[in-house]
Amino acid sequence: MPLAVSWPCNMWSIFFCGFTAYRHELLEAYECCINYKRTGKDAELTQAWDLYYHVFKRIDKQLASLTTLDLESVSPELLLCRDLELAVPGTYRADAPVVTIASFSRQLLVITSKQRPRKLTIHGNDGEDYAFLLKGHEDLRQDELVMQLFGLVNTLLENSRKTAEKDLSIQRYSVIPLSPNSGLIGWVPNCDTLHHLIREYRDARKIILNQEHKHMLSFAPNYDNLPLIAKIEVFEYALENTEGNDLSRVLWLKSRSSEVWLERRTNYTRSLAVMSMVGYILGLGDRHPSNLMLDRYSGKILHIDFGDCFEASMNREKFPEKVPFRLTRMLVKAMEVSGIEGNFRSTCENVMQVLRTNKDSVMAMMEAFVHDPLINWRLFNFNEVPQLALLGNNNPNGPANVEPEEVDEDPADVDLPQPQRSTREKEILQAVNMLGDANEVLNERAVVVMARMSHKLTGRDFSTSAIPSNPIADHNNLLGGDSHEVEHGLSVKVQVQN
1 MPLAVSWPCN MWSIFFCGFT AYRHELLEAY ECCINYKRTG KDAELTQAWD LYYHVFKRID
61 KQLASLTTLD LESVSPELLL CRDLELAVPG TYRADAPVVT IASFSRQLLV ITSKQRPRKL
121 TIHGNDGEDY AFLLKGHEDL RQDELVMQLF GLVNTLLENS RKTAEKDLSI QRYSVIPLSP
181 NSGLIGWVPN CDTLHHLIRE YRDARKIILN QEHKHMLSFA PNYDNLPLIA KIEVFEYALE
241 NTEGNDLSRV LWLKSRSSEV WLERRTNYTR SLAVMSMVGY ILGLGDRHPS NLMLDRYSGK
301 ILHIDFGDCF EASMNREKFP EKVPFRLTRM LVKAMEVSGI EGNFRSTCEN VMQVLRTNKD
361 SVMAMMEAFV HDPLINWRLF NFNEVPQLAL LGNNNPNGPA NVEPEEVDED PADVDLPQPQ
421 RSTREKEILQ AVNMLGDANE VLNERAVVVM ARMSHKLTGR DFSTSAIPSN PIADHNNLLG
481 GDSHEVEHGL SVKVQVQN
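Residue numbering for the sequence shown follows UniProt numbering, beginning at 1 and increasing consecutively.
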C-alpha cells in the first residue's frame with residue numbers, strides 16, 4: 001500500500017512540524033514509514049503507529065484547553081474570501097435585498113462541550129455580523145426539515161384568532177447542512193440552556209448539581225438493580241427531600257421588576273405549552289436540560305437538537321422514554337401558582353385545536369419527511385426489525401450508546417449520562433447499509449409512523465376505537481397519564497404531583 005505524504009500547507013503546520021516538542025517523534029515516525037516502504041517489515045509500521053498514537057494522545061489532552069482558533073492558521077483560503085456573491089446563510093428573503101458575504105471573522109470561538117463546536121462570525125455586506133455554530137459529527141438534515149415544519153406551524157398559529165392574539169409561535173433558527181455529518185446552525189443570542197442556569201444557581205449556593213441523584217443513591221445504593229416499583233419509591237423519596245424550585249427562582253432573580261417577571265413567566269409557560277404539543281405530534285424526544293434554552297429577555301423556551309423524532313426515543317432498547325413530552329417538577333414550579341391548570345392548559349388546548357383543524361397540511365409535510373431518503377433511515381427501530389436487533393446486539397455498547405460527558409469536574413457534579421446523537425446515528429446507518437431489504441422495511445415503518453401521527457391529529461391516540469374520543473379526556477390522559485402508565489415507566493402525572 002503506497003504511503004501518502006501531505007506536506008504543511010500553512011504557517012501553523014510548519015511551526016508544528018518544525019519547532020514544537022513533537023518534532024523528534026514525528027521525524028522518527030516518518031523514518032519508520034520510509035523504512036517500511038523500503039523493506040516491507042511490519043515492525044517498522046507498528047513502531048510508526050505507536051509514535052503517532054503517543055503524539056495524538058498528548059495533543060488530545062491539550063485540545064481541552066483550546067478556546068479559540070485562528071482562521072488564518074486552520075483555513076487561510078476561507079479568510080481570503082472577500083465580497084462573495086453567496087448570500088449569508090439563513091438570510092435570504094424573496095421580497096428583500098440579498099445580504100451577501102463580505103468576509104469572515106479572523107477568530108473562531110471553541111464552545112466547551114463534548115463535540116466542541118465552533119462559533120463562526122460572517123460579516124455581511126449590510127454591515128451586520130451574523131454568528132453561526134459550526135458543528136461536526138452530526139447530521140443536521142433532519143433539523144433543517146423540522147425547522148420547515150415549525151414555519152408551517154407558525155403560519156397556522158398566525159391565521160388562528162385564538163392563538164394570534166396571544167402571540168403564540170415557535171422560535172426558529174437557521175440550519176444549513178454542509179455535508180452528511182456537518183453543518184451551520186444560526187446563533188440565537190441572549191439564550192442559556194436550562195442546564196447552565198440550574199448549574200449557575202446551585203453553584204452560587206454551594207448546592208451539589210445532581211443532589212436529587214445523590215439522595216436516590218443514599219436511600220438505595222443498588223438502585224440500578226431494583227425492580228421498577230422500588231425504583232419509583234426511591235424516586236419519590238428524592239423528590240420529597242428536594243424542592244426543585246431552581247428554575248422558578250432563576251426567573252424571579254433575573255427579572256428587574258414584578259411586571260417583567262410576570263411577562264417572562266407568561267411567555268415561558270405559553271412557549272413551553274406550544275412546543276410540548278408540537279413536539280408530541282412530531283414524536284420529539286431527548287429533551288434533557290441541555291436541549292432546552294431560555295431567552296434572557298423574553299423568557300420564551302427554545303428547543304435545540306432534533307435528532308430524535310417520530311418517537312424514536314420511545315422505541316430504543318436502552319433508556320426508552322415513556323412520557324409524551326418533558327413536564328417535570330422543575331418546569332411546572334416555574335409556572336408558579338396555577339401550575340399546568342392555567343396558561344399552560346389553555347395554550348395546549350388552543351394549539352392542539354389548530355393542529356387538528358389543519359390536519360391535512362401537517363400530515364402532508366410529515367409525509368414528505370418520513371419518505372425523504374436523506375433522513376428516513378432514522379425510522380429504523382432495533383427492537384422491531386430482527387436483523388437490526390441482531391446487529392445492535394453484536395455491539396457491546398448496544399444501539400443506543402450512552403456515554404458520560406468527558407469533563408474534568410468533581411464526580412459529584414458530573415451529570416447523568418445522556419444518549420450521544422452522533423454515535424446513535426452512525427450505528428443505525430451502518431445497520432441500514434448491511435440490511436438487504438431496507439426499502440421494504442422503511443416503507444412499513446413509514447406507514448406506522450404516519451398512522452400514529454394521524455391518530456394524534458384526530459384524537460384517537462389514547463383510544464382503540466374508530467370514533468374520536470372525548471377531547472377533555474384525551475387532554476387529561478396526555479397531561480396526567482393513566483393508571484397503567486406505571487407498568488411501563490414514570491408518568492408525567494407522578495412527576496408533577498411530587
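Where a beta carbon is used, it is the ideal one built from N, C-alpha and C, also for glycine.
Apart from sequence neighbours up to five positions away, the residues of its chain that approach Lys162 with a beta-carbon distance below 7 angstroms are Asn350, ordered along the chain.
Approximately 6 angstroms separates the beta-carbon atoms of Gln142 and Phe306; this is inside 8 angstroms, confirming the contact. Residues Ala446 of the same chain have their beta carbon placed closer than 8 angstroms to that of His371, with the five preceding and five following residues left out of the count. Here the alpha carbon of Gly342 sits roughly 32 angstroms from the alpha carbon of Ser174.
Annotation for Met293: no alpha helix (DSSP H) segment contains it, though the beta strand (DSSP E) segment containing it runs Leu292 to Asp295. For Asp192, the pairing in a beta bridge is given by DSSP as Leu294.
Cβ atoms of Tyr201 and Asp246 come within 8 angstroms of each other, at about 5 angstroms. Taking Ser454 as the centre and dropping the five residues before and after it, the same chain places the C-beta of Met363 closer than 7 angstroms to its C-beta, in chain order. Scanning its chain for C-beta atoms nearer than 7 angstroms, with the 5 sequence neighbours on each side dropped, one finds no residue around Asn159.
Shown here for Val146: same chain residues with a beta carbon closer than 6 angstroms to its own, the five before and five after excluded, namely Phe306 in chain order.
Nearest to Arg316 by C-alpha distance, out of Leu80, Asp286 and Leu327, is Asp286. Cβ-Cβ separation between Arg249 and Ser255: approximately 11 angstroms, too far for a contact (criterion under 8 angstroms). Around the CB of Thr67, fewer than 16 other CB atoms lie within 10 Å, so the residue is classed as exposed. As the crow flies, the alpha-carbon of Ala164 is around 44 angstroms from that of Val234. For Ala334, the secondary structure class from DSSP, reduced to helix, strand or coil, is coil.
Collapsing the DSSP output to three states places Thr100 in a strand. For Val110, the uninterrupted beta strand (DSSP E) segment begins and ends at Gln107 to Val110. In the three-state reduction of the DSSP assignment, Phe310 falls in the coil class, being assigned neither a helical nor a strand state. By the Cβ rule, the stretch 124 to 141 counts as touching the stretch 79 to 98, because three or more pairs are nearer than 8 angstroms. In the structure shown, the three-state DSSP call for Val175 is strand.
Burial is judged here by how many other beta carbons sit within 10 angstroms of a residue's own beta carbon; Lys37 has fewer than 16 and is exposed. In this structure, Asp139 sits away from Asn190, with a CB-CB distance that is not shorter than 8 angstroms. Thr100 places its beta carbon less than 8 angstroms from that of Glu85.
Counted as a single uninterrupted DSSP element, the stretch harbouring Ala43 is not any beta strand (DSSP E) but the alpha helix (DSSP H) occupying residues Asp42 to Leu63.
When the five nearest sequence neighbours on each side are left out, the beta carbons in the same chain lying within less than 6 angstroms of the beta carbon of Ser103 are those of Arg82 and His123, in order along the chain. About 23 angstroms separates the beta carbon of Leu194 from that of Arg118, a gap too long to meet the 8 angstroms contact definition. One Cα belongs to Thr112, the other to Ala64, and the distance between them is close to 8 angstroms. Using a Cβ distance threshold of 8 angstroms, Leu228 and Leu184 do not count as a contacting pair.
At the C-beta level, Thr357 and Val274 stay beyond 8 angstroms of one another. Distance from Cys309 to Leu272 at the Cβ level is roughly 19 angstroms; contact not present, criterion being Cβ atoms closer than 8 angstroms.
Each residue's CA atom was taken as its position, placing Asn443 and Gly136 some 30 angstroms apart. In this structure, the alpha-carbon of Gly459 lies about 43 angstroms from that of Ile208. For Gly136, the enclosing beta strand (DSSP E) begins and ends at Asp129 to Gly136. Here Ile176 is actually not in contact with Phe150; their C-beta atoms are around 16 angstroms apart, not less than 8 angstroms.
If you look at Asp70, you'll find it in the beta strand (DSSP E) that goes Thr68 to Asp70. Rounded to whole angstroms, Leu239 and Ala451 show a C-alpha spacing of 37 angstroms.
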